[in-house]
Amino acid sequence: MTDTPPAPLFSTTGGDVAARVDGLARAVEASAGRLDPALVEEGAAVVQRASARLRLASDRTVVALAGATGSGKSSLFNAVAGVELSAVGVRRPTTSWAMAVAWGDDGGRALLEWIGIPERQQMSLGSPLGLVPEDTNLEGLVLLDLPDHDSTEVAHHLEVDRLVKYADVLVWVLDPQKYADAAIHERYLRPLARHAGVTMVVLNQIDKLPPEQWDGTLQDVRRLLAEDGLAGVPVIAVSALRGDGVDDFKRALVRKIRDKQAAGLRTGADVEHIAKAFEQISGDAPAIGLTDSDRAQLVDTLAEAAGVSAVADATEKGLVSRAVSATTWPPLRMIGRTKGASGGAGSALHALSTGDATARVQRPAVDVAVRDVAEKAAIGLTPSWVQSMRRAVVVPNRDLADVLDGAIARTGLGIDKTPTWWSVVKMVQWLVFAVMIAGLLWTIALTGAELTGAASAPTVAGVWVPVFMAGGGLVVGLLLALITTVAAKSSASRRAQGAEDRLRDAIAHVTQERVLAPVDHELGAYEQARRGIAAALGRRV
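Residue numbering for the sequence shown follows my numbering, starting at 35 and increasing by one per position.
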């Protein structure tokens, strides 16, 4: 008695499954160090196993016989092989390994080596060369007889758990006495419900039941399987000892071999299962990320915390003071020196030009800005990715204030060079001042000489020439001082803006390198994971 197997849930063509595996591989790569390590490790194992299976012996189907002690699993293995290969009812010489038989000329050696079956426990039956009916021709089959899942040997349990992951088709051999055993249902059948398309159930030793109980027993088996999530899987009644139903079982195996979908179904189901687990904790919504405005705002905030505007203002004031001191009328310069104004401005400007007077970066403001941008970048992401964003952006930047401080200190403000026009104006001012002093002294001398009648002073329009010199020198000197003050303020404003631009560029460089680049890296990893998961599930994004 047999049942019709359920239809595949998705395409099992090589290209489709390979694309799914590739998608999962990308998701695993992007999730490493970000999502649950156990899940990432499991995903990597699925990728490794699936990739290897797709490369190896695509024309072969690996079928594993699993069951409890006394189920007649080894008898069925021998009955299918047609020879006594697996010991029946006695302890195997090497109890922790399965037995394997392969139909075909190459014996499936590469595939069995990958599965991990020792060569001494492999058997090749070669090609039947038309000696058997086509519907029972097992060419391309690799049949595994697994250790008993309920064995007291721990190695048996480990081997069964390992080999179940490598089988393209899983055949669970039950017997009339223990088919309802909770161990096989809870540990194996129920967790593997996602593999219904590559699962078969054999009720062996049917000869131990009266024929009138066969249908009722098979119905009860199907009921239990339905409760396990395996409704519709083929259930075949056999007696390996007498041969009843063995050919039916072979025909079912041949169908699996011929449609060449078993490996794709199994691999696809494994990929789909783990991809859904990834999606559950990773999410599938596109990341919102940061806008250009958000990025510019972060630079502005950090520049403000670093006191860039204050430095620019101090630079402008220092440049104006220094320019006025260098170009003003000499008497005013001497008055300024007396008050100590020039020395203070010069010292402050020197400190600014060497980076010694830059404001200390406000650490709390920097920390808040970094946390805020990390939270904003992670809007819409699942908690796992939010935590990953914090680890990548916030934690490494606890010293960002010091880094910004250092960047500002190393940035040249471009204010250490004295403009040429300062020297020219200074020279003119001294020349004008000299003319004024000469005029004053000449005027004094001429005044004394006239009083004694010793000499007369040259005049222009009735005014002494030295008076013109003294008065002209005073007016020209003060007027030139006024003009140069206006020019100094304009020049200082431009140079201060240049200094501010240099500082902001330094802040922007650090911000990009230490904050925005990690944000973009995390968002890129999330997008890679999201697209990889979608590909693993056969979706387009």
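Just so you know, even glycine gets a beta-carbon here, dropped at the ideal spot from N, CA and C.
Proximity to S109 [Cα-Cα], best of L275, T170, S355: L275
Given a threshold of 16 other Cβ atoms within 10 Å of its Cβ, counted over all protein chains shown, does P314 qualify as buried or as exposed? Per the sequence shown, residue 314 should be read as Gln rather than Pro. Exposed, since its Cβ has fewer than 16 Cβ neighbours within 10 Å.
Consult DSSP for Q156 and reduce its assignment to one of helix, strand or coil. strand
Would you kindly check if the distance between the Cβ of A134 and the Cβ of L178 is under 7 Å? yes
Would you report the Cα separation of E75 and Q531, rounded to the nearest angstrom? 54 Å
Under the three-state reduction of DSSP, which class applies to W498: helix, strand or coil? strand
Count the other CB atoms, across all protein chains shown, that sit within 10 Å of the CB of P417; report buried if there are 16 or more and exposed otherwise. Exposed is the call here.
Assign H555 to one of two classes, buried (16 or more other C-beta atoms within 10 Å of its C-beta) or exposed (fewer than that). exposed
May I ask you to report which of helix, strand or coil DSSP gives W137? strand
Tell me whether the segment 59 to 73 and the segment 548 to 564 touch, counting them as touching only if at least three CB pairs, one residue from each stretch, are closer than 8 Å. yes
Let's test the definition: count the other Cβ atoms within 10 Å of the Cβ of G377 and tell me whether it reaches 16, buried, or not, exposed. In this prediction, G377 scores a pLDDT of 46, lower than 50, which makes its location untrustworthy; the coordinate-derived value is nonetheless stated afterwards. That one is exposed.
Express the C-alpha separation of V427 and V549 in angstroms, rounding to a whole number. 6 Å
Which residue marks the beginning of the alpha helix (DSSP H) containing I270, and which one marks its end? That residue, I270, is in no alpha helix (DSSP H); its beta strand (DSSP E) goes 269 to 271.
The segment 264 to 284 touching the segment 508 to 520, judged by at least three CB pairs closer than 8 Å: no
So, for A265: in the same chain, excluding its five sequence neighbours on each side, which residues have a beta-carbon less than 7 Å away from its beta-carbon? L259
Note down, in chain order, each residue of its chain lying with its Cβ closer than 8 Å to the Cβ of T47, except the 5 sequence neighbours on either side. Summary for T47: the model assigns pLDDT 46, below 50, so the residue's position carries little reliability, and this model does not support an answer.
May I ask you to report which of helix, strand or coil DSSP gives D179? Judged by DSSP in its simplified three-state form, D179 adopts strand.
Out of R94, H183, V114, P152, state which residue places its alpha-carbon closest to the alpha-carbon of D139. R94
Checking the sheet assignment: what are the DSSP bridge partners for A59? A59 pairs with nothing; no bridge assigned.
Alpha carbon to alpha carbon, how far is V499 from V354? 36 Å
Please report the residue range of the beta strand (DSSP E) in which V402 lies. Where V402 is concerned, there is no enclosing beta strand (DSSP E), although the alpha helix (DSSP H) it sits in stretches over 397 to 411.
Report yes or no: do three or more beta-carbon pairs, one from the segment 98 to 106 and one from the segment 180 to 193, lie closer than 8 Å? Contact between the segment 98 to 106 and the segment 180 to 193 is present: three or more C-beta pairs spanning the two stretches fall below 8 Å.
Beta carbon of V255 nearer than 7 Å to that of L237: The answer is yes: Cβ separation under 7 Å.
Helix, strand or coil, according to DSSP, for G150 in the structure here? If DSSP states are grouped into helix, strand and coil, G150 belongs with coil.
From V289 to V232, what distance separates their C-alpha atoms? Rather than Val, the amino acid found at residue 289 in this sequence is Arg. C-alpha separation (whole angstroms): 11 Å.
For K212, the nearest candidate out of V97, K107, G473, S92 (CA to CA): K107
Where does G101 sit, in a helix, a strand or coil, going by DSSP? strand
D347 and V395: beta carbons closer than 7 Å? no
Tell me the DSSP bridge mates of T416? Its beta-bridge partners do not exist; DSSP assigns none.
What's the gap between the Cα of F111 and the Cα of L99? Whole-angstrom Cα-Cα distance: 8 Å.
Length of the line joining the Cα atoms of A569 and R432: 38 Å
What would DSSP say about W363, mapped onto helix, strand or coil? coil
So, helix, strand or coil for L90, using DSSP? coil
Tell me whether the beta-carbon of W456 lies closer than 7 Å to the beta-carbon of T361. yes
In terms of residue numbering, what span does the beta strand (DSSP E) encompassing L324 cover? It is not in any beta strand (DSSP E) - L324 carries neither H nor E in the DSSP assignment.
Please state whether DSSP places L264 in a helix, a strand or coil. L264: coil per DSSP, three-state reduction.
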